[in-house]
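Chains as they are written, first to last, in this note's numbering: chain A, 1 to 435; chain B, 436 to 916; chain C, 917 to 1167.
A short worksheet on the structure shown next.
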Amino acid sequence: MAKYDDVKKWYLDAAAAYDRDDAAPNGALKRLRETGARRFAELDFPTTKHEDWKYTSVKPATERRFAWRAPGERSDLPDAAKEAFFEEDQYRIVFVDGAYVPDASTPALEKDGAYVARLKTAIVERPEAVERALFDFEEEENVFAALGAAFASDGAFVHLPKNAALERPVHVVHYVEAEDEPFLAPTLLVVAEENSSATIVESYVGADGKPYLVGANARFAAAAGARVTHVKIQKEGDAAIHLWAGRAKTAKDATFETFLASFGGKLARNDAVVRAEEPGGFARVNGVVALDGERHVDNRVLLDHAAPRCESSQLFRAALNGNSRNVFNGKVLVRPDSQKIDAFQQNDSLLLSDTARSDSKPQLEIFADDVKCSHGATTGQLDKEALFYLRSRGVGAAQAKRVLVDAFTANAVADLKLASVRERIEKLAARSASR
Amino acid sequence: MANDEKAELERLANEEYKYGFVTDVESETLPKGLNEDVVRWISAKKGEPAWMTEKRLAAFRRWTKMPEPHWANVEIAPIDYQELSYYSGPKKDRPKSLDEVDPELLETFEKLGVPMQERAALAGVAVDAVFDSVSVATTYREELAERGIIFSSISEAIREHPDLVKKYIGTVVPPSDNFYAAMNSAVFSDGTFVYVPKGVRCPMELSTYFRINAANTGQFERTLIIADEGAYVSYLEGCTAPIRDENQLHAAVVELIAHKDAEIKYSTVQNWYAGDKEGKGGVYNFVTKRGLCEGENSKISWTQVETGSAITWKYPSCILRGDNSVGEFYSVALTRNRQQADTGTKMVHLGKNTKSNVVSKGISAGYSQNSYRGLVKVGKNAEGARNFSQCDSLLIGDKCGAHTFPYLEIDNPSAQVEHEATTSKIGEDRIFYLKQRGLDEENAVSMIVNGYCKEVFRELPMEFAVEAQKLLSVSLEGSVG
Amino acid sequence: MLTIKNLHAEIDGKPILKGIDLQVNAGETHAVMGPNGSGKSTLAHVLSGREGYTPTEGEVIFEGKNLLEMEPEERAREGVFLAFQYPIEIPGVSNTNLLKEGLNEIRKHRGEPELSAGDFLKLVREKAKLVEMKKELLNRSVNEGFSGGEKKRNEIFQLAVLDPKLALLDETDSGLDIDALRVVAKGVNAVRNEKNAFLLVTHYQRLLNYIVPDFVHVLADGTIVKSGGKELALELEERGYEWISEKAESA
Ligand SMILES: Nc1ncnc2c1ncn2[C@@H]1O[C@H](COP(=O)(O)OP(=O)(O)OP(=O)(O)O)[C@@H](O)[C@H]1O
Ligand SMILES: [Mg+2]
């Protein structure tokens, strides 16, 4: 306990010092930081007795003290960061070691009324819009999300006014290779007004062998009829700790989808909460996990149906090699009087080595009767008959295995419309698990 | 009461006075509170040997250091354990005859088809004169004894088969297991002991007179069943009739041990008093049931139909240690009014090629909350483990809740584990179809629910299955519409 | 037996039936035809009292009683039987069990004693033979895992056992091969007598070759736009519904 108090003090002091020294004009962000710091101080680091952390120890994140790195700017761009780019990125925001890289990024964009910018710029140019995006969510329960919020200062901001449609994706790239064990806390804010639509891709890439901590926050507000697609491709270095918290809410007939692809990190955790606040919402939270070595990934999902006639779907697929570990902890919550809910949840894991491990906790918590909710979980090996079939057609054993593993994981991104992004995920999945 | 019995009680009463408390001899109820003296008194009352007293005391000491469990999905008013009495004999305010019994209860017996001669006993009418089942029991016991099967109360077994009891009791559910297991190990009242020797198939369901005995086993029941190599036994516990019972807290422990090639089938129908419509009163049923598939090719199968109790908290489990051993769990849990049930199973795969199968059917009505909580754990060395779980929930009415919390922990790559669950409202189009064929709403619902539970009922011995179906229909009355 | 007067009904506030008038007497067979979505199934469901199919105007008198006021099971017990267009599966509830319950309720309603287990079994066997139902289907769960044809046949089997006064057959012929159709028709014809009546909803003349109707009605957009004898069905087969709708419009 005392040890944890030390850790907390370390970050709280750093947050206070930063807030004091930061001269930038960032009113709304300052408030976010204050709330974040307060929540961080209030919440304990969870033990594995905590249901949401039953299979994931926070030790890797707390045993080391990562040094807060205030956002700045830099001009050079490592090749490894470039690899994350997509040709069709319409708008790109690039950070290397937490510093904004203007030369690699697109300047603030205004197209059909849509506004996309680096958060530090947006707070100056669109202070009210940022303000609106920040404070409409439930009190944070995840201590690391609170930690990230306590340092919130940069990242990306997307504002889609009524009927605005961005055809090509907004892409936010975070690349880390620093030696000095930094702590980074990027923030992504997406405000989609009535009937607007966009796709936002986040890439988190890092160099192996370098410890660092990412405490990222993302918030999405989809107004009536809006359609927001989010994709997160995470391939942090093998010594990195990556803790991401996404909070989304949907208004009447709005759609929010996220595809969470996890391939890296010593410890990586996604904590996605989608709350349907008005009737007719659709939420999809899918995940691809492909791991090797000592990697540990934990996906926690809560689909909160707080209004009637909503639909939701979760599909997580994991291929696990080496000593890797995967945790799925998903919940469908149907609140009283949220009738006519259709919710689906599925988690499938393939264990490809003798020492990989899978823990799964798919949950249904239903307080209304007129619902159709189902879930399933499977853990197993590749279908032997399918393997045999391929081999009998002349495909080598290793290749056949690869083909099947690839098909297995690809299934979770089948509904992702952007072909290039989907293919990138498929390729990374193939490379990450079936060496 | 016979004279010598009275004398014995008086002696005990005086003896306990020595320990510093008084007992009302007539009602034979201990004053409230739990301490070492109470534990000693219970042990002495049952004439237990010193080792058993010691075991109880050790469990008690353990218990004092344990925190009360924190309730996952159950709302519960705090229980003051020092406010309870830990031993109670027959109450003096029992009804003297059936005429004094609540007519509603009698009506339920009627609907369930409980035989006349059993009704009085179940309704709590002062026992002795009422039925002659004791002799029935004796006949059975003789027949069983011929085959070497021991079937007795656990108190009797402790006295007469101390070696067997000593060898097995607490090995599957150690007192340290959980708060209520520790409590039970310290103060258990009575229960059943079964031992089936090598190669013997028990020729009958061990249930015949248990409907009656169940009413008298007390609030801290303890059961121990051992099937030696190649043995088979099927045991039925509980009964469909709502048992009159004043005890609010029931904390039973059941341990099963199946040796090589042995099979144990354990079936339960639980219908303790569930409290009134507003949720006042009712039994808290906190049970620890666990079976150990100790030997190769052994099999343990749990089947339960749970309709009673204000709060139910139980997870009949299987430890699959022997290679090729099999664990099964079939459950129907129905909650209505303000009932809360949190039930499920744990299947722990340790041996090679072990298999488990889980079928759970939850039905929630009224304002009740019904949760399935289950664990499937495949250990590092459990090569070739297989599990399939199917957990369905049915909702009747829009004020109740149905929850599914499975945990799948897989540590061996050769495992095949599959969990499936659905939650839905009872199908209106099905109800309409049946109505179109002339059935009324209540009957239609009961038929659909019984159909939905068929997979579980199929696992029950014939007679029991019929009773269970009736019980479900009776329980659903008034839940519809 | 059945008098429908100016019957209007809606689903979810949407008017579907817009004034139906129909008289069915004992011993008669009526065929109801009409394009998809014209309201044929709706009529059958309204008559059998399905929730969500709300009558808004008009009346339905069955054997002197107001049918629309009755619960679905009361209608069934009074003798209204609906063979569903899409028979539902009910897992765990066996066919025979359902029939036993239903039949006893209906008999009770009629003031007849319950059938003994033996008599019931005899009846079931006899009727099963009539529609050539495979024995194993009797003890299976209602319609569960039945083929499309088997489901339809099962509906007619239930009809034969329950012996209603008025049978509403909603597209019982669709999905049946020609042999099955013949069997189903044989079943229906065997049940037909002077005391009962049939209302067949169908799209095809082929059923009417086997079960010859006394009257044919054409339903379009919620009203009966034309009625006639059995020749009308033949004419429809040849000329389609267009012809009638046009005529109705010009009229
Ligand atoms: N449950 C419902 N909710 C909303 N609309 C419905 C519902 N059931 C039927 N309808 C609508 O009512 C109209 C009449 O449907 P109905 O099923 O009675 O047609 P039908 O004449 O039987 O057609 P078919 O020949 O295709 O069986 C259609 O427009 C249909 O879409
Ligand atoms: Mg139709």
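Idealized CB from N, CA, C, for every residue including glycine.
* To do: Would you mind sorting H305 (chain A) into buried or exposed? The rule is 16 or more other CB atoms within 10 Å of its CB.
  => As a first step, residue 305 (chain A) is located in the first sequence; it is residue number 305 there, counting from the start. The residue in question, H305 (chain A), is buried, as its Cβ has 16 or more Cβ neighbours within 10 Å.
* With 16 as the cutoff for other CB atoms within 10 Å, does I920 (chain C) come out buried or exposed? -> On the third sequence, residue 920 (chain C) is found 4 positions in, with the first residue counted as 1. With 16 or more other Cβ atoms within 10 Å, it is buried.
* Asked: Which residues in the same chain as S824 (chain B) place their Cβ atom closer than 6 Å to its Cβ, once the five residues preceding and following it in sequence are excluded?
  -> Position 389 of the second sequence holds residue 824 (chain B). Excluding sequence neighbours, S824 (chain B) sits near V793, H854.
* Assign T47 (chain A) to one of two classes, buried (16 or more other C-beta atoms within 10 Å of its C-beta) or exposed (fewer than that). => Within the first sequence, the letter at position 47 stands for residue 47 (chain A). When all chains shown are included, T47 (chain A) counts as exposed.
* Is it the case that the Cβ atoms of F137 (chain A) and L243 (chain A) are separated by a distance below 7 Å? -> As a position in the first sequence, residue 137 (chain A) is number 137, starting the count at 1. As a position in the first sequence, residue 243 (chain A) is number 243, starting the count at 1. The answer is no: Cβ separation not under 7 Å.
* To do: Can you pull the chain A residues whose beta carbon is under 9 Å from the beta carbon of S859 (chain B), in chain order?
  => As a working note, residue 859 (chain B) is residue 424 in the second sequence. Chain A residues near S859 (chain B): D369, D370, V371, K372, C373, S374.
* Asked: Any contact of the segment 120 to 140 of chain A with the segment 6 to 23 of chain A, i.e. 3+ C-beta pairs under 8 Å?
  -> Touching, no.
* Asked: Taking all protein chains shown into account, do 16 or more other C-beta atoms lie within 10 angstroms of the C-beta of R295 (chain A), making it buried, or fewer, making it exposed?
  -> Residue mapping note: residue 295 (chain A) aligns to position 295 of the first sequence, counting from 1. That one is buried.
* **Whole runs of the alpha helix (DSSP H) within the segment 744 to 773 of chain B, excluding any shorter than 4 residues** => none
* Asked: Counting only runs that start and end within the segment 19 to 55 of chain A, where is the beta strand (DSSP E) found for 3 or more residues in a row?
  -> none
* To do: Pull every residue with its beta-carbon under 5 Å away from any heavy atom of ligand 4, and keep them in chain order.
  => Ligand 4 is not part of this structure, which contains only ligand 1 and ligand 2.
* Boundaries of the beta strand (DSSP E) in which S910 (chain B) is found, first to last residue -> Position 475 of the second sequence, counting from 1, holds the residue named residue 910 (chain B). Element bounds for S910 (chain B): not the beta strand (DSSP E) but the alpha helix (DSSP H), 897 to 911.
* For the alpha helix (DSSP H) that R991 (chain C) lies in, which residues bound it at each end? -> For this step, residue 991 (chain C) is matched to residue 75 along the third sequence. Segment 988 to 994, the alpha helix (DSSP H) holding R991 (chain C).
* Asked: Which chain C residues are close to K889 (chain B), counting only those with a beta carbon under 7 Å from its beta carbon?
  -> Taking the first residue of the second sequence as 1, we reach residue 889 (chain B) at position 454. Under the 7 Å cutoff, chain C gives G1008.
* Asked: Just to confirm, does Q381 (chain A) get its C-beta within under 6 Å of one of the non-hydrogen atoms of ligand 2?
  -> Here residue 381 (chain A) corresponds to residue number 381 of the first sequence, with the count starting at 1. It does not: the Cβ of Q381 (chain A) is nowhere closer than 6 Å to a heavy atom of ligand 2.
* Asked: Do three or more CB pairs link the segment 298 to 312 of chain A to the segment 810 to 821 of chain B at distances below 8 Å?
  -> no
* My understanding is that V704 (chain B) touches G673 (chain B), with C-beta atoms under 8 Å, so please give their C-beta distance in whole angstroms. => Taking the second sequence and counting its residues from 1, the one referred to as residue 704 (chain B) is at position 269. Taking the second sequence and counting its residues from 1, the one referred to as residue 673 (chain B) is at position 238. With a Cβ gap of about 5 Å, V704 (chain B) and G673 (chain B) count as contacting.
* Hey, is Q1001 (chain C) close to ligand 2, as in C-beta under 6 Å from one of its heavy atoms? -> For this step, residue 1001 (chain C) is matched to residue 85 along the third sequence. Checking the Cβ of Q1001 (chain C) against ligand 2 gives yes.
* **Whole-number beta carbon distance between N1011 (chain C) and N1070 (chain C), since they are thought to touch under 8 Å** => The residue labelled residue 1070 (chain C) in the question sits at position 154 within the third sequence. The residue labelled residue 1011 (chain C) in the question sits at position 95 within the third sequence. Going by Cβ atoms, the distance from N1070 (chain C) to N1011 (chain C) rounds to 7 Å, so yes, they are a contact pair.
* **Buried or exposed by the 16-neighbour rule on C-beta atoms within 10 Å, applied to K860 (chain B)** => Numbered from 1 along the second sequence, position 425 holds the residue referred to as residue 860 (chain B). Buried, by the Cβ-count rule.
* For G836 (chain B), go through chain A and note every residue whose CB falls closer than 7 Å to its CB, in chain order. => Reading the second sequence from its first residue, position 401 is the one you call residue 836 (chain B). Within chain A, the residues near G836 (chain B) are I366, F367.
* Figure out for me which residue from B:A693, B:E535, B:S520 has the closest Cα to the Cα of L727 (chain B). => Counting from one through the second sequence, the residue named residue 727 (chain B) turns up at place 292. Here the closest residue by C-alpha is B:A693.
* Which residues in the same chain as T970 (chain C) place their Cβ atom closer than 7 Å to its Cβ, once the five residues preceding and following it in sequence are excluded? -> What you label residue 970 (chain C) is simply residue 54 of the third sequence in a count that begins at 1. The residues are A925, E926.
* Amino acids of chain A, ordered along the chain, whose beta-carbon sits closer than 8 Å to that of V852 (chain B) -> Taking the first residue of the second sequence as position 1, residue 852 (chain B) is located at position 417. Neighbours of V852 (chain B) in chain A, taken as residues whose beta carbon is under 8 Å from its own, are A377, T378, T379, G380 in chain order.
* CB of A146 (chain A) within 7 Å of CB of R69 (chain A), strictly -> Here residue 146 (chain A) refers to the residue found at position 146 of the first sequence. Here residue 69 (chain A) refers to the residue found at position 69 of the first sequence. Contact: no.
* Under three-state DSSP, which class holds M920 (chain B)? -> This structure cannot settle anything about residue 920 (chain B), because the visible part of chain B is limited to 436 through 916.
* To do: Rank A:V130, A:A245, A:Y91, A:T379 by C-alpha distance to the C-alpha of D199 (chain A) and give the top, closest one.
  => Looking up residue 199 (chain A) in the first sequence gives position 199. The question names Asp, but residue 199 (chain A) is Thr in the sequence shown. Scanning A:V130, A:A245, A:Y91, A:T379 for the CA closest to the CA of T199 (chain A) turns up A:Y91.
* How would you write the range of the alpha helix (DSSP H) that K715 (chain B) sits in, first residue to last? -> In the second sequence, residue 715 (chain B) corresponds to position 280, counting from 1. K715 (chain B) -> no alpha helix (DSSP H), and no H or E assigned at all.
* Contact set for R269 (chain A): own chain, Cβ-Cβ below 6 Å, skip 5 residues either direction -> Residue numbering aside, residue 269 (chain A) sits at position 269 when the first sequence is read from its first letter. Same-chain partners within the cutoff: L243, D298.
* **The alpha helix (DSSP H) enclosing F978 (chain C), as first and last residue numbers** => Counted from its first residue, the third sequence places residue 978 (chain C) at position 62. Careful: F978 (chain C) lies outside any alpha helix (DSSP H), inside the beta strand (DSSP E) at 969 to 978.
* To the nearest whole angstrom, what separates the beta carbons of V940 (chain C) and L918 (chain C), a pair I think is in contact under 8 Å? -> The residue labelled residue 940 (chain C) in the question sits at position 24 within the third sequence. The residue labelled residue 918 (chain C) in the question sits at position 2 within the third sequence. That pair is a contact at about 4 Å.
* To do: Go to R1098 (chain C), then tell me how far its alpha helix (DSSP H) extends in each direction, as first and last residue.
  => As a working mapping, residue 1098 (chain C) is identified with position 182 in the third sequence. Here the alpha helix (DSSP H) through R1098 (chain C) covers 1094 to 1107.
* Residues of chain C with CB under 9 Å from L830 (chain B), in chain order? -> Position 395 of the second sequence holds residue 830 (chain B). The contacting residues do not exist; L830 (chain B) stays about 17 Å from chain C at best.
* To do: Counting only the same chain and skipping the five closest in sequence on each side, list residues whose C-beta sits under 7 Å from that of D567 (chain B).
  => Locating residue 567 (chain B) in the second sequence gives position 132, where the first residue counts as 1. Reliability of the predicted coordinates at D567 (chain B) is poor, the pLDDT of 35 falling under 50, and the value obtained from them is presented with this limitation in mind. Closer than 7 Å at Cβ, skipping near neighbours: no residue.
* Asked: Are there 16 or more other CB atoms within 10 angstroms of the CB of A407 (chain A), so buried, or fewer, so exposed?
  -> Residue mapping note: residue 407 (chain A) aligns to position 407 of the first sequence, counting from 1. A residue is called buried once 16 or more other Cβ atoms fall within 10 Å of its Cβ, and A407 (chain A), having fewer, is exposed.
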